[in-house]
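So that you can map any letter, position 90 of the sequence shown is 112 in my numbering, and since no number is skipped, the others follow by simple counting.
Below: one structure, written as structure tokens.
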Amino acid sequence: MVKKRLNRVFILYIFVLFLLASCTQENTKEHLPVQEHEEEQISSQKNEFADVIPGYEDLIKSGNPFEFAIVPEKNIVWIYFSSIDYQEERELIKVYEKKAFESISSSSEPAVFISIYDLNNDGQDEIIAFLQGASIWEGSRSTGYLVVYFVDHGVISKSIPLPSLLIDASVLDDSRQVGVIKRTEGMSDLLLLNRLCIWNGEYWG
23 MVKKRLNRVF ILYIFVLFLL ASCTQENTKE HLPVQEHEEE QISSQKNEFA DVIPGYEDLI
83 KSGNPFEFAI VPEKNIVWIY FSSIDYQEER ELIKVYEKKA FESISSSSEP AVFISIYDLN
143 NDGQDEIIAF LQGASIWEGS RSTGYLVVYF VDHGVISKSI PLPSLLIDAS VLDDSRQVGV
203 IKRTEGMSDL LLLNRLCIWN GEYWG
């Protein structure tokens, strides 16, 4: 009698183990497509940024690869700004930013730091500017307005603001605060205070 009960318990035990094994196998199958999708995304990111970021695989695995990164010196063109040169570009900015300039009181002097670089490899230099003086150019998280102007037929056709950062204007003419990640075609990415800003088709972020 006891032997029969033990046999029943043993058979029930084997049956439970079989059910558990089946459930585990099904769960593993259900998670495979998600895992494969994640691997495809990482692979795509690797291909896109392989020529920019050294050790990009480790950066991607870290969870936030494009916030702060070390870029090889050979890939960077450092941009140096002038508060005096580029008079033609200054006039273009004054026309484009007319309302902002008009809002500055007569007792204040706006500061306009300018550099030029062909960011999109179309043969036309873009204007990279850092502006101070107008209230709309400054905020709690920035010391001024860092912006890229696109010129078309002698006038500024559009502008794209860059991320608000604590740029030190006093050394913009001789410091490595803004860099261009060199590209042979398409829009270049930017390095701002060691923050890698990737062009996403509409803006740098």
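Ideal Cβ placement from N, Cα and C applies to all residues, glycine included.
This structure is a prediction, so every number in the text was calculated from the model and none was measured.
How big is the Cα-Cα spacing for Met209 and Tyr102?
Counting from one through the sequence shown, the residue named residue 209 turns up at place 187. Counting from one through the sequence shown, the residue named residue 102 turns up at place 80. Looking at the two C-alpha atoms, the distance is approximately 19 Å.
Between the C-alpha atoms of Val170 and Ser137, what's the straight-line distance to the nearest angstrom?
Indexing the sequence shown from 1 puts residue 170 at position 148. Indexing the sequence shown from 1 puts residue 137 at position 115. Computed Cα separation, rounded: 10 Å.
May I have the straight-line CA-CA distance separating Asp174 from Lys180, to the nearest angstrom?
Indexing the sequence shown from 1 puts residue 174 at position 152. Indexing the sequence shown from 1 puts residue 180 at position 158. Going from the Cα of Asp174 to the Cα of Lys180 covers about 9 Å.
Helix, strand or coil at Leu114 [DSSP, three-state]:
For the purposes of this step, residue 114 is taken as residue 92 along the sequence shown, with counting starting at 1. Leu114 falls in the helix class under three-state DSSP.
Going by DSSP in three states, Gly223 sits in which element: helix, strand or coil?
Position 201 of the sequence shown, counting from 1, holds the residue named residue 223. Looking at Gly223 - three-state DSSP - the assignment turns out to be coil, as it is neither helix nor strand.
Are the CB atoms of Ala314 and Ile150 nearer to each other than 8 Å?
A question about residue 314 goes unanswered here, because the residues of the chain that appear run from 23 up to 227.
By alpha-carbon positions, which one of Gly155, Val177 and Glu148 ends up nearest to Val117?
Here residue 117 corresponds to residue number 95 of the sequence shown, with the count starting at 1. Ranking Gly155, Val177 and Glu148 by Cα distance to Val117 puts Val177 first.
In whole angstroms, give me the CA-to-CA distance for Glu110 and Asn222.
As a working note, residue 110 is residue 88 in the sequence shown. As a working note, residue 222 is residue 200 in the sequence shown. About 30 Å.
Closer than 8 Å by C-beta to Leu213: which residues in its own chain qualify, once you throw out the five before and the five after it? Chain order, please.
As a position in the sequence shown, residue 213 is number 191, starting the count at 1. Contacts found: Val93, Ile98, Val200, Gly201, Val202, Ile203 and Cys219.
Is Asn156 helix, strand or coil by DSSP?
Numbered from its first residue, the sequence shown carries residue 156 at position 134. A quick correction: the sequence has Ala, not Asn, at residue 156. Three-state result, Ala156: coil.
Give the secondary structure of Val93 by DSSP, where H, G and I count as helix, E and B as strand, and everything else as coil.
As a first step, residue 93 is located in the sequence shown; it is residue number 71 there, counting from the start. Looking at Val93 - three-state DSSP - the assignment turns out to be coil, as it is neither helix nor strand.
Within this structure, are the beta carbons of Ala133 and Gly161 separated by less than 8 Å?
As a working note, residue 133 is residue 111 in the sequence shown. As a working note, residue 161 is residue 139 in the sequence shown. Not a contact, by the Cβ cut-off of 8 Å.
Note down, in chain order, each residue of its chain lying with its Cβ closer than 7 Å to the Cβ of Asp196, except the 5 sequence neighbours on either side.
As a position in the sequence shown, residue 196 is number 174, starting the count at 1. Closer than 7 Å at Cβ, skipping near neighbours: Tyr102.
Phe103 - DSSP class collapsed to helix/strand/coil:
Position 81 of the sequence shown, counting from 1, holds the residue named residue 103. Correct three-state label for Phe103: coil.
Terminal residues of the beta strand (DSSP E) in which Ala133 lies
Residue mapping note: residue 133 aligns to position 111 of the sequence shown, counting from 1. Note, Ala133: beta strand (DSSP E), Ala133 to Tyr139.
Expected contact under 8 Å - CB spacing of Ser165 and Leu184 to nearest Å
Position 143 of the sequence shown, counted from the first residue, corresponds to residue 165. Position 162 of the sequence shown, counted from the first residue, corresponds to residue 184. It is Thr, not Ser, that sits at residue 165 in the sequence shown. Thr165 to Leu184, Cβ: 13 Å. No contact.
Mind checking which residues open and close the beta strand (DSSP E) that includes Lys180?
As a working note, residue 180 is residue 158 in the sequence shown. Segment Val177 to Pro183, the beta strand (DSSP E) holding Lys180.
Measuring straight from C-alpha to C-alpha, what distance separates Tyr108 and Gly145?
The residue given as residue 108 occupies position 86 in the sequence shown. The residue given as residue 145 occupies position 123 in the sequence shown. Approximately 18 Å, taken between the alpha carbons.
Leaving out five residues before and five after Ile126 in sequence, what residues of the same chain have Cβ atoms less than 8 Å from its Cβ?
Working through the sequence shown from its first residue, we reach residue 126 at position 104. So the qualifying residues of the chain are Pro132, Gly155 and Ala156.
From Arg112 to Lys96, what distance separates their C-alpha atoms?
The residue labelled residue 112 in the question sits at position 90 within the sequence shown. The residue labelled residue 96 in the question sits at position 74 within the sequence shown. Looking at the backbone, the Cα of Arg112 and that of Lys96 are separated by about 31 Å.
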